[in-house]
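What follows is one structure encoded as structure tokens, with my remarks underneath.
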Amino acid sequence: MTDGGSSGFCAPGWEGVRDAFEANFTEHGDLGAGTAIHHDGRLVVDLWGGTYETDSLQSVFSTTKGWTAALASLLVERGELDLDAPVASYWAEFAAAGKDKIPVRWLLTHQAGLPFPEEPATLEDVLSWDGIVDKLARSAPVWEPGSAHGYHAVTYGFLVGEVLRRVSGRTVGTLLADEIAGPLGLDMWIGLPAEHHHRVVDLVGGLSPDPSDIDPAMREMLELFMGPDTTLGKALSCHGAFGATNVWNSAEVRSAEIPAANGVTDARSLSRFYAALVGDVDADERFPAGKQVLTDETVAAASTRHTSGNDQVIMFETTIGLGFWTCSPFAPYGGIKAFGHGGAGGSLGFADPENGLGFGYVMSKMQQNLTGDPRTRTLVRAAYEAIGVEPAHV
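Going by the numbering used here, 142 is the number at position 144 of the sequence shown; the sequence numbering is gapless.
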């Protein structure tokens, strides 16, 4: 890509998205990135630029949570999983420490009170799966379950994922491949196969700014809210398992299954994933045709807001459905009925069933923005301009 240019295509009427995408490199510091949009099941935007090639892949952090949420909704729709049944009815060991009555629903809505394991964890615990789920099963909640919600940054994937494993007999990564990614032809993995590692673009930057770049007063405030002994610090590190941000570029982390945080994909697959949740998707030169993954009723239930008030971990208001974020100032997806999930650093995927949109954006340059990355805001705004709709919260 030349400076200010991009590769790929935009359908007629969608050229404003290309303009916004290219401006992200010149105005917002993008180094390598991709964006894609489906409208009414048709791929209308597929762009990449900077250090990206046409087949580049990217780690997308918590954008992964939306994939795990969709799998849970799929098993609910099939009658294999009951959201109101106790977690312990599927995972007997979870009943320890007074957790016997916590329903599956509260795992998806971040209301279980388990944003980190009670015992300190290691990277080996997380990579092994059994080590971390055993610690979570023994843990006592840090608030009364159901009384409040708080972002389960890493534990969400292990909690929901272990229930899915017990119900289906398959890991989350296998479920994703079997039920959604494989049939739709997506480049999307939780647990990246070794033969695709060479396609992944390393993340640049980290989950928190370099302390040497921050003035002392701000550094003290960040330590107060995000230090290793704080609720937020423990949630983000999974109580010490992720002490170094550079582990996310390692082969061992990319190969593991961390269903809240280590998904790998590209923008066109992310966009197609969300488009297929809410409608049929057309065939094109890269993908086969695909049928709608979830019924309209399941989508409506999954995307209905289930939480109110301040988040006990992030400490401001968040709007959460059944594992998905719902549209709000914190999650500015553009459509009032839109739902999806973003990831640390800026990646984002969402669906807008009312306006027939599936959106995906992935990038290598991580930025710290609490209420919507400026790069995705401009892309979302351009997408809604293309369909003549005034976007919400953008």
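The beta carbon of each residue, even a glycine, is placed where N, CA and C say it ideally should be.
Model, not experiment: these values are computed from the prediction.
Answer with buried or exposed for residue i, where buried requires no fewer than 16 other C-beta atoms within 10 angstroms of its C-beta.
i, result
"K232", "buried"
"S235", "buried"
"S362", "buried"
"S126", "exposed"
"F7", "exposed"
"M219", "In this prediction, M219 has a pLDDT of 48, which is less than 50 and means its spatial position is unreliable; what the coordinates show is noted afterwards. The residue in question, M219, is exposed, as its Cβ has fewer than 16 Cβ neighbours within 10 Å."
"F240", "buried"
"E283", "exposed"
"E13", "exposed"
"G332", "buried"
"T316", "buried"
"E295", "exposed"
"T52", "exposed"
"R76", "exposed"
"P327", "exposed"
"A342", "buried"
To the nearest angstrom, how far is the alpha carbon of residue i from that of residue j?
i, j, result
"P139", "D98", "11 angstroms"
"V297", "L275", "7 angstroms"
"W141", "G47", "45 angstroms"
"Y50", "T24", "16 angstroms"
"T302", "L106", "12 angstroms"
"W187", "L320", "21 angstroms"
"Y382", "P351", "13 angstroms"
"I318", "T120", "28 angstroms"
"G167", "F357", "31 angstroms"
"P10", "L190", "35 angstroms"
"Q290", "D227", "44 angstroms"
"A151", "D278", "31 angstroms"
"R217", "L230", "Confidence at R217 is low in this model, with a pLDDT of 48, below 50, so the placement of that residue is unreliable and no value is reported for it."
"G129", "E122", "8 angstroms"
"M313", "G307", "9 angstroms"
"P118", "N22", "39 angstroms"
"V43", "A380", "11 angstroms"
"A83", "A90", "12 angstroms"
Taking 7 angstroms as the limit between beta carbons, can you name the residues of its chain near residue i, skipping five residues before and five after?
i, result
"V387", "N353"
"L162", "L69, A70, L73, V170 and L173"
"D185", "L55, T263, D264 and S267"
"P286", "G183"
"F92", "V85, A86 and A135"
"A281", "A287"
"R16", "S4, C8 and L45"
"W246", "S57 and L201"
"F322", "G64, A67, A300, S301, F337, G338 and H339"
"T293", "E75"
Just tell me which of the options has its CA closest to the CA of residue i.
i, options, result
"L134", "T153, G27, E20 and Y50", "T153"
"L268", "A34, E383 and E13", "A34"
"H237", "W246, N247 and G225", "G225"
"A300", "P327, F7 and G338", "G338"
"A259", "T293, F156, D176 and I318", "F156"
"V102", "G148, V158 and P118", "V158"
"A67", "G370, Y272 and G358", "Y272"
"H108", "Y149, A175, A239 and H26", "Y149"
"P257", "D80, S57 and P330", "S57"
"G111", "A329, D128, E122 and H147", "H147"
"D309", "A83, W246 and P113", "P113"
"A329", "E117, A380, R16 and P389", "P389"
"T62", "V311, A380, D82 and E255", "E255"
"V251", "V124, W104 and A90", "V124"
"H304", "W104, V311, E116 and L292", "W104"
Indicate whether residue i and residue j have their beta-carbon atoms separated by less than 8 angstroms.
i, j, result
"T374", "G347", "no"
"V360", "V378", "no"
"L355", "R270", "no"
"Y88", "R164", "yes"
"V131", "E160", "yes"
"A95", "S137", "yes"
"H37", "I385", "yes"
"G370", "S60", "no"
"G405", "W65", "Nothing about residue 405 can be read from this structure; the chain reaches only from -1 to 392."
"I100", "P143", "yes"
"H196", "A249", "no"
"E20", "S4", "yes"
"G180", "M364", "no"
"G32", "L45", "yes"
"A192", "S253", "yes"
Apart from the five residues just before and just after residue i, which ones in its own chain have a Cβ nearer than 6 angstroms to its Cβ?
i, result
"G30", "G48, T49, Y50, V199 and S362"
"A336", "C325, F348 and D350"
"T376", "A18"
"P372", "H26"
"P115", "K133, L134, S137 and H237"
Would residue i pass as an interface residue toward chain B - the criterion being a Cβ-Cβ separation below 8 angstroms?
i, result
"T324", "Absent here is chain B; the protein component of the structure consists of one chain."
Looking only at its own chain, which residues have a Cβ that is under 8 angstroms from the Cβ of residue i, when we skip the five neighbours before and after it?
i, result
"E78", "V165 and S166"
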